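Trainee:
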Amino acid sequence: MTRDEATRAAVQAHYRLYKTTLSLATMTRMPTRAETGSISEVAEEATEKKRAAGLHDMPASEFDALVRELYPDYPVGNDT
């Protein structure tokens, strides 16, 4: 896997984490244990991919900018 592929994989995993978190946060009912458990798996994957790409120590603002390059709907700062 090249650096660009690894970076793309990290960005995609982070965006999945964002969407999963947003989905759980906006539920009109209490999430089930399985639903809340899924966020742990998604978070672990995002962390792994970020480390594999060598981006784990990148400042959050820079990483967020990478995410917005692929996903323009990703919020800026704490707009979640």
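Sequential numbering of the sequence shown, starting at 921, is according to my numbering. Glycine is no exception: its CB is placed at the ideal position from the N, C-alpha and C atoms. Remember, predicted model here, so these are calculated numbers, not experimental data.
Are the beta-carbon atoms belonging to V962 and T927 less than 9 Å from one another?
Mentor: No, the Cβ-Cβ distance between V962 and T927 is not below 9 Å.
Trainee: Looking only at C-alpha atoms, which of E955, P992, H934 and D993 sits nearest to S943?
Mentor: Nearest of E955, P992, H934 and D993 to S943, Cα basis: E955.
Trainee: My output table needs one value for T940: the three-state DSSP class, helix, strand or coil.
Mentor: If DSSP states are grouped into helix, strand and coil, T940 belongs with the helices.
Trainee: Please determine, among K969, Y991 and I959, the residue with the shortest C-alpha to C-alpha distance to E925.
Mentor: When each option's Cα is compared against that of E925, the closest is K969.
Trainee: Do A882 and A985 have their CB atoms nearer than 9 Å?
Mentor: Lying outside 921 to 1000, the shown extent of the chain, residue 882 is not represented and no answer is given.
Trainee: DSSP on Y935, reduced to helix/strand/coil?
Mentor: Here Y935 sits in helix by DSSP.
Trainee: Are the beta-carbon atoms of F983 and L975 separated by less than 9 Å?
Mentor: Yes; because the gap between Cβ atoms is below 9 Å, this pair is in contact.
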